[in-house]
Amino acid sequence: MDVVDGGLRRVLSPADDLDLPLVASVAAAVDFLVGDHPGVGACPGSGCGWVFVNPSGRRKWCSMDVCGNRAKVAAHAARTRSD
Numbered sequence: 189m190d191v192v193d194g195g196l197r198r199v200l201s202p203a204d205d206l207d208l209p210l211v212a213s214v215a216a217a218v219d220f221l222v223g224d225h226p227g228v229g230a231c232p233g234s235g236c237g238w239v240f241v242n243p244s245g246r247r248k249w250c251s252m253d254v255c256g257n258r259a260k261v262a263a264h265a266a267r268t269r270s271d
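Letter by letter, the sequence shown follows residues 189 to 271 of our numbering.
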């Protein structure tokens with residue numbers, strides 16, 4: 189560590205593994221996203237896979253403009269075909 193303008197600064201040497209912080213961040217994000225957390229939802233849209241913040245637990249789609257609309261159009265088409 190070096191002191192710079194009254195603060196500390198970590199100085200990395202070429203021997204330091206620069207991938208470790210990235211690996212730790214990705215592992216923490218994966219643990220959070222695949223865990224059972226209220227407030228996080230995964231979009232069930234066909235081929236979507238987006239994850240979104242859902243604090244109320246009421247959202248189903250990542251976006252009504254895209255995935256929600258496609259699902260509603262498909263459901264409507266299925267209902268009207270069978271009538």
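Ideal Cβ positions, reconstructed from N, Cα and C, are used throughout, including at glycine.
Measuring alpha carbon to alpha carbon, tell me which of Pro226, Asp207, Gly223, Arg247 ends up nearest Pro232.
Arg247
Residue closest to Gly235, alpha-carbon to alpha-carbon, out of Ser213, Cys255, Pro209, Val214:
Cys255
With C-beta atoms as the reference, is Gly227 less than 7 Å away from Pro209?
no
Got a sec: is the Cβ-Cβ distance from Pro232 to anything in chain B below 7 Å?
The displayed structure is made up of one protein chain only, and chain B is not part of it.
On the three-state DSSP scale, how would you describe Gly223?
coil
If we call anything under 7 Å between Cβ atoms a contact, is Ala230 one with Val241?
no
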